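Chemist: Okay, handing you the structure first.
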Amino acid sequence: MPVYTAPTRDTRFIINEVLDLASYGNLPGFEMATDDVTDAVINEGGKFCAEVLAPLNRIGDEHGCVRNEDGSVTTPPGFKEAFDQFREAGWGTLAHSEEFGGQGMPHVLGFVMEEFISSANQAFGMYPGLTNGAISALVAKGSDEQKAIYLPKMVSGEWTGTMNLTEPHCGTDLGMIRTKAVPNGDGSYSITGTKIFISAGEHDMSENIIHLVLAKTPGAPDSTKGISLFVVPKFLVNDDGSVGERNGVMCGSIEHKMGIHGNSTCVLNYDGATGWMVGEENKGLAAMFIMMNAARLGVGIQGLSQAEVAYQNAVAYALDRRQGRALSGPAEPEAQADPIFVHPDVRRMLMDAKAFTEGMRALALWGGLLVDLTHKAQTEEEREQADLLLGLMTPVIKGYGTDKGYEVATNMQQVFGGHGYIEEWGMSQFVRDARIAQIYEGTNGVQAMDLCGRKLAQKGGAAVQAFFKHVGEEIAAAKEIDELKDMAEQLEKALGQQQAATMWFMQNAMQNPNHLGAGAHHYMHIMGIVTLGLMWLKMSKVAHAKLDTAGDDKAFYEQKLATARYYMDRYLPDAGALRRKLEAGSDSLMALGEEAFATAA
Numbered sequence: 001m002p003v004y005t006a007p008t009r010d011t012r013f014i015i016n017e018v019l020d021l022a023s024y025g026n027l028p029g030f031e032m033a034t035d036d037v038t039d040a041v042i043n044e045g046g047k048f049c050a051e052v053l054a055p056l057n058r059i060g061d062e063h064g065c066v067r068n069e070d071g072s073v074t075t076p077p078g079f080k081e082a083f084d085q086f087r088e089a090g091w092g093t094l095a096h097s098e099e100f101g102g103q104g105m106p107h108v109l110g111f112v113m114e115e116f117i118s119s120a121n122q123a124f125g126m127y128p129g130l131t132n133g134a135i136s137a138l139v140a141k142g143s144d145e146q147k148a149i150y151l152p153k154m155v156s157g158e159w160t161g162t163m164n165l166t167e168p169h170c171g172t173d174l175g176m177i178r179t180k181a182v183p184n185g186d187g188s189y190s191i192t193g194t195k196i197f198i199s200a201g202e203h204d205m206s207e208n209i210i211h212l213v214l215a216k217t218p219g220a221p222d223s224t225k226g227i228s229l230f231v232v233p234k235f236l237v238n239d240d241g242s243v244g245e246r247n248g249v250m251c252g253s254i255e256h257k258m259g260i261h262g263n264s265t266c267v268l269n270y271d272g273a274t275g276w277m278v279g280e281e282n283k284g285l286a287a288m289f290i291m292m293n294a295a296r297l298g299v300g301i302q303g304l305s306q307a308e309v310a311y312q313n314a315v316a317y318a319l320d321r322r323q324g325r326a327l328s329g330p331a332e333p334e335a336q337a338d339p340i341f342v343h344p345d346v347r348r349m350l351m352d353a354k355a356f357t358e359g360m361r362a363l364a365l366w367g368g369l370l371v372d373l374t375h376k377a378q379t380e381e382e383r384e385q386a387d388l389l390l391g392l393m394t395p396v397i398k399g400y401g402t403d404k405g406y407e408v409a410t411n412m413q414q415v416f417g418g419h420g421y422i423e424e425w426g427m428s429q430f431v432r433d434a435r436i437a438q439i440y441e442g443t444n445g446v447q448a449m450d451l452c453g454r455k456l457a458q459k460g461g462a463a464v465q466a467f468f469k470h471v472g473e474e475i476a477a478a479k480e481i482d483e484l485k486d487m488a489e490q491l492e493k494a495l496g497q498q499q500a501a502t503m504w505f506m507q508n509a510m511q512n513p514n515h516l517g518a519g520a521h522h523y524m525h526i527m528g529i530v531t532l533g534l535m536w537l538k539m540s541k542v543a544h545a546k547l548d549t550a551g552d553d554k555a556f557y558e559q560k561l562a563t564a565r566y567y568m569d570r571y572l573p574d575a576g577a578l579r580r581k582l583e584a585g586s587d588s589l590m591a592l593g594e595e596a597f598a599t600a601a
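This is the structure we're talking about:
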């Protein structure tokens, strides 16, 4: 059976030492986030995920969800009971506003739990994860009445939430949606249409499901400018807040998926369902993007989470499995063979995974801190700066994080050799579950175009210039430390590659937009490489400063520095190769006509 241990020590290092959460104690919500409190949240949260959720992961994969004849859905054995425990322990309330029954803790601690939950059981984590996104949209755009009706029970976990965008004929191009919303004359609307790929769309774990649905009102523009957002509960809500009669929304089927079998990904049919508009008419896409941006950060964490759990299992296997001898001579002469851990190619895959997961964890949690600072920083300038960086980081966290997360999960399966391809070892599930993260909440090609087509140019390039400035300052500070100077210079070279790629886009993309499209994926990966390099430099500065006083923890900080050097040596050089691919432009990419792709008989 696969194993999972929450990486609590590494997480405490990032939260308490690298991000130094306690230093923000003057900001709302942070006053509670002392080192003792954050340690308790991290340790107890990790324990819950490892002991309660992880044992259900394979069960969810094997059993999946079942649609019953009446359209209801039964989740895998143990899921409902685990969700009850999750709700009763208050894990879902951690980072939500106290106004609606939350604990008011910083979002960054919510991100900690998102990783642990998803590593332990990604399919389970999608139920509260989608709910969090729906809560964010209602907080930002819902009326006072809607907030009062829905948010307290969504925050508590009594009710869950979904997002309904995709239809059978359209995904990314949402201007083509056909779902209609006809006014009923009493402030409500009659919602009719079909939505597909609706994660957590129907299940038996909460007493109500609150759907946020994109639809078009009569006469609305036939484009994205004609989309409105509606809140459509599975059960209508009585005046006293209790659950009333069934609404006109039904699960038509459950999608047959490659992975995340424990999550009920549904086709939902709306047949005159009663809904209420959220925000302004024809401004629904902007409202839904609040939810999508929150979800994209969560999906980036899913990429990290599957890489982490796959890595843990690969390490255990590599230390146990014996085959061949170390190239430098037998590591254990008394045994018939050495553990495969001694072989450089196995070590390469494990070190790639370790360098990615620890760097990506730091990036994801830095992203969580930026979410907090966009709302809670002391000055408007600080809030705007955090918002700029967060907008720039979101497609990188989602796109690069899930591309590499899937790659790491696949390589960890490779460590197992033939056993990795056999279901009972569990590595197949990690690979299959990781794969969806590159696709939903906007495919990674969409993330790359969002980064390069929108975020780089936004506000005259203010965000990327702020990023370059921040990285440059970290490099300059690290250069003053003799032991870190080489690593700082390596990152400086990679940053130079990103800056050159940025300049090439400025000089060439306007005259031929295909140049931008052809290079966007490469640019996103260059930025991911540089950003993780930034994280490793930040972690190295802390680790170096702690070495002399670390005591029993000295080995932990030494390992950090060794892994940082590996990252600088093995990841950063790729930035130059990717820049050269980007600068090849789109001519050869777009040269062939459609007929050239057809297979000749």
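168 is the number that UniProt numbering gives to position 168 of the sequence shown; each next residue is one higher, with no gaps.
Even for Gly, the Cβ is constructed at its ideal location relative to N, Cα and C.
As the structure is a prediction and not an experimental result, all values here were calculated from the model.
Verify whether the separation of the beta carbon atoms of Asn-247 and Val-232 is less than 8 Å.
Modeler: yes
Chemist: Under the rule that 16 or more other beta-carbon atoms within 10 Å means buried, what is Arg-178, buried or exposed?
Modeler: Per the 10 Å Cβ criterion, exposed.
Chemist: Roughly how far, in whole angstroms, is the beta-carbon of Leu-19 from the beta-carbon of Leu-369, given that I think they are within contact range, below 8 Å?
Modeler: With a beta-carbon spacing of about 6 Å, Leu-19 and Leu-369 fall inside the 8 Å limit used to define contacts.
Chemist: Out of Leu-212, Ile-422, Leu-94, Ala-54, state which residue places its alpha-carbon closest to the alpha-carbon of Leu-285.
Modeler: Leu-212
Chemist: For Pro-7, name the three-state secondary structure that DSSP assigns.
Modeler: In the structure shown, the three-state DSSP call for Pro-7 is coil.
Chemist: Could you pull the DSSP bridge partners for Glu-190 from this structure?
Modeler: It should be noted that the sequence gives Ser, not Glu, for residue 190. DSSP lists Val-182, Thr-274 as partners of Ser-190.
Chemist: What are the boundary residues of the alpha helix (DSSP H) that Glu-114 is part of?
Modeler: 107-141
Chemist: On the DSSP letters alone, give me the boundaries of the beta strand (DSSP E) that Phe-48 sits inside.
Modeler: Per DSSP, Phe-48 belongs to no beta strand (DSSP E); it is in the alpha helix (DSSP H), 35-48.
Chemist: Taking all protein chains shown into account, decide if Met-277 is buried (16 or more other Cβ within 10 angstroms of its Cβ) or exposed.
Modeler: With a threshold of 16 other beta carbon atoms within 10 Å, Met-277 meets it and is buried.
Chemist: Could you check which residue in Glu-424, Val-542, Ala-448 has the C-alpha nearest to that of Ala-477?
Modeler: Val-542
Chemist: What is the rounded straight-line gap between the Cα of Glu-99 and the Cα of Glu-158?
Modeler: 17 Å
Chemist: Mind checking who Ser-228 pairs with in its DSSP beta bridge?
Modeler: Ala-215
Chemist: Would you tell me roughly how many angstroms separate the C-alpha atoms of Phe-79 and Asp-433, rounded to the nearest one?
Modeler: 17 Å
Chemist: Starting from Ser-253, follow its DSSP beta bridges and name the residues at the other end.
Modeler: Val-267
Chemist: When you compare each of Arg-322, Ala-54, Gln-511, Met-360 to Leu-297 by their alpha carbons, which one comes out closest?
Modeler: Met-360
Chemist: When the Cα atoms are used, what is the spatial distance from Gly-496 to Thr-502?
Modeler: 10 Å
Chemist: Do the segment 64-82 and the segment 246-266 meet, that is, are 3 or more Cβ pairs less than 8 Å apart?
Modeler: yes
Chemist: How would you label Glu-115, buried or exposed, when you count the other beta carbons within 10 angstroms and need 16 or more for buried?
Modeler: buried
Chemist: Which term fits Asp-352, buried or exposed, when burial requires 16 or more other beta carbons within 10 angstroms of its beta carbon?
Modeler: buried
Chemist: In the DSSP output, what is Trp-159 paired with across the bridge?
Modeler: As a beta-bridge residue in DSSP terms, Trp-159 pairs with Asn-208.
Chemist: Would you identify the three-state DSSP class for Thr-549, choosing helix, strand or coil?
Modeler: helix
Chemist: DSSP state of Gly-25, grouped into three classes?
Modeler: Of the three classes helix, strand and coil, the one that applies to Gly-25 here is coil, per DSSP.
Chemist: Between which two residues does the beta strand (DSSP E) carrying Gly-244 extend?
Modeler: 243-246
Chemist: If Glu-483 sits next to His-525, beta carbons under 8 Å apart, how far is it from one beta carbon to the other, in whole angstroms?
Modeler: The distance from the Cβ of Glu-483 to that of His-525 is about 29 Å, inconsistent with a contact at the 8 Å cut-off.
Chemist: Would you decide whether Lys-141 is buried or exposed? Buried here means 16 or more other CB atoms lie within 10 Å of its CB.
Modeler: buried
Chemist: Can you check whether the CB of Leu-578 is closer than 8 Å to the CB of His-522?
Modeler: The answer is yes: Cβ separation under 8 Å.
Chemist: Tell me whether the segment 296-314 and the segment 393-413 touch, counting them as touching only if at least three CB pairs, one residue from each stretch, are closer than 8 Å.
Modeler: When C-beta atoms of the segment 296-314 are compared with those of the segment 393-413, three or more pairs fall below 8 Å, so the two segments count as touching.
Chemist: Can you tell me which of the three DSSP states Ile-177 falls into?
Modeler: Coil at Ile-177, not helix or strand.
Chemist: Using DSSP's beta-bridge definition, name the partner residues of Asn-164.
Modeler: As computed with DSSP, Asn-164 is found in a beta bridge with Val-213.
Chemist: With contact counted as at least three CB pairs below 8 Å, one residue from each stretch, are the segment 47-54 and the segment 114-134 in contact?
Modeler: Three or more pairs of CB atoms, one per stretch, sit closer than 8 Å, so the segment 47-54 contacts the segment 114-134.
Chemist: Enumerate in chain order the residues of its own chain whose CB-to-CB distance from Asp-35 is below 6 Å, with the five nearest sequence positions on each side excluded.
Modeler: Asn-16, Ala-22
Chemist: Quick check on DSSP: helix, strand or coil for Phe-468?
Modeler: helix
Chemist: What residues in its chain sit with their C-beta under 6 Å from that of Gln-490, if we drop five residues either side in the sequence?
Modeler: Met-568, Leu-572
Chemist: Note the first and the last residue of the continuous alpha helix (DSSP H) segment covering Val-346.
Modeler: 344-376
Chemist: Locate the beta strand (DSSP E) running through Phe-235, then write down its first and last residues.
Modeler: 235-237
Chemist: With respect to the alpha helix (DSSP H) encompassing Met-291, which residues constitute its N-terminal and C-terminal limits?
Modeler: 284-320
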